[in-house]
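The sequence shown begins at 305 in this note's numbering and counts up by one. Notes follow the structure.
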Amino acid sequence: MGMENVNNETIAGYAAIVFGLGMLVLVVIYAVRGRVRIKPVRANMTVLRWTPFERIVHWYVAILFICLALTGLGRLFGGMAPRSIRGQEAFTTWADISVSIHYLLGPLFAVGVLVMIVLWMGINIPARYDGEYFKQGCGFASGKHPPAGKVNAGDKLFVYWLGLVIVGTVVCATGLMLQFPDHGQSAGTMQWANTMHVIGGLAWSLIVFGHAYLGSIGVEGAFETMTCGRADVNYVKQHHDMWAEELMQMGVTPQPSQTREEPADDV
Ligand code: HEM
Numbered sequence: 305m306g307m308e309n310v311n312n313e314t315i316a317g318y319a320a321i322v323f324g325l326g327m328l329v330l331v332v333i334y335a336v337r338g339r340v341r342i343k344p345v346r347a348n349m350t351v352l353r354w355t356p357f358e359r360i361v362h363w364y365v366a367i368l369f370i371c372l373a374l375t376g377l378g379r380l381f382g383g384m385a386p387r388s389i390r391g392q393e394a395f396t397t398w399a400d401i402s403v404s405i406h407y408l409l410g411p412l413f414a415v416g417v418l419v420m421i422v423l424w425m426g427i428n429i430p431a432r433y434d435g436e437y438f439k440q441g442c443g444f445a446s447g448k449h450p451p452a453g454k455v456n457a458g459d460k461l462f463v464y465w466l467g468l469v470i471v472g473t474v475v476c477a478t479g480l481m482l483q484f485p486d487h488g489q490s491a492g493t494m495q496w497a498n499t500m501h502v503i504g505g506l507a508w509s510l511i512v513f514g515h516a517y518l519g520s521i522g523v524e525g526a527f528e529t530m531t532c533g534r535a536d537v538n539y540v541k542q543h544h545d546m547w548a549e550e551l552m553q554m555g556v557t558p559q560p561s562q563t564r565e566e567p568a569d570d571v
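Structure below.
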């Protein structure tokens, strides 16, 4: 067994524990807090939050991320399977396919990540009120929503700067090094790249896990902004008050919601 496998096995062991704990935290948050509802109710008036191009880039990156995470995790944990299982033809065929998928999608994903970084750098520049967001425990401690611009300080720090820019760049750069090894990299460098790629990929998956929770079941009104592009005005006032003020100053007029249920006598 090569040194690379020993490393990966150790990492995979820790990863299983960290993921288990991460899932537990989300279950506890959901049990204690439940789904964060739009208060007091939906306004049924909406503003544009994400353009069609932004949504395409987001889902392009997200779908590729899921495919890469599954094939990457499959390879990592597959390496730990007992020798009797690893020797079976079905296992090796699946392992080969998942490596091919990982290699095929990796460079396409890296391009998407780069576009996403450039696209959303402007809205992720820290603002003066962002410190207040953390001081108020991201809204968990104070019970009321701390000030937030178009993107809140937690998303700026964890999803954008830490996840996408720092960890994302490390994972993509080391992935490309591993996939195209003929540039004079030494064995030591490759080993190092492998370890960074695996740890980075796992850390990023953990961040995305939390992000996907908050963007779907965790917070009412969030998911629809990334599918149809528009956000309910009361969602905006509740979660992005400083952005709501900016929109008002810019004279943006909310539009009636397309999905609003009409009263029966209107039909
Ligand atoms: C896999 C399931 C995912 C779901 C359900 C999801 C959901 C969402 C939603 C609903 C928003 C909009 C939130 C809002 O309007 O406040 C959003 C924004 C965003 N998502 Fe995702 N997402 C997923 C995966 C990803 C992945 C894999 C990445 C990057 C690797 C990513 C990066 C971002 C970024 C950067 C933003 C904008 C916030 C910012 O600029 O900081 N998402 N996501």
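Beta carbons: idealized from backbone N, C-alpha and C, even for Gly. Since this is a predicted model, take the numbers as computed values, not measurements.
| task | List the DSSP bridge partners of residue 352. | result | 534.
| Ranges of the alpha helix (DSSP H) found wholly within the region 472-498, counting only runs of at least 4 | Within the region 472-498, the runs of alpha helix (DSSP H) that reach at least 4 residues and sit entirely inside it are, in chain order, 472-483.
| Given a threshold of 16 other Cβ atoms within 10 Å of its Cβ, counted over all protein chains shown, does residue 342 qualify as buried or as exposed? | Residue 342 should be labelled buried.
| Per DSSP, residue 559 forms a beta bridge with which residues? | DSSP output for residue 559 lists 350 as bridge partner(s).
| query | So, residue 394 versus residue 379, is the Cβ gap smaller than 9 Å? | reply | For the 9 Å CB-CB criterion, residue 394 and residue 379 do not form a contact.
| Do three or more CB pairs link the region 533-546 to the region 350-362 at distances below 8 Å? | The region 533-546 makes contact with the region 350-362; the number of CB pairs closer than 8 Å reaches 3 or more.
| query | Based on the DSSP secondary-structure assignment, which residues constitute the bridge partners of residue 340? | reply | Within the DSSP bridge table, the entry for residue 340 names 523 as partners.
| query | Got a sec, what are the start and stop residues for the alpha helix (DSSP H) residue 384 sits in? | reply | Taken as a continuous stretch (DSSP letters only), residue 384 belongs to no alpha helix (DSSP H), as it is neither H nor E.
| Residue span of the alpha helix (DSSP H) that contains residue 407, given as start and end | Per DSSP, the continuous alpha helix (DSSP H) segment holding residue 407 begins and ends at 393-423.
| query | Under a three-way DSSP split, which group does residue 554 fall into? | reply | Residue state, collapsed to three classes: coil.
| task | Report buried or exposed for residue 454, applying the criterion of at least 16 other Cβ atoms within 10 angstroms of its Cβ. | result | The residue in question, residue 454, is buried, as its Cβ has 16 or more Cβ neighbours within 10 Å.
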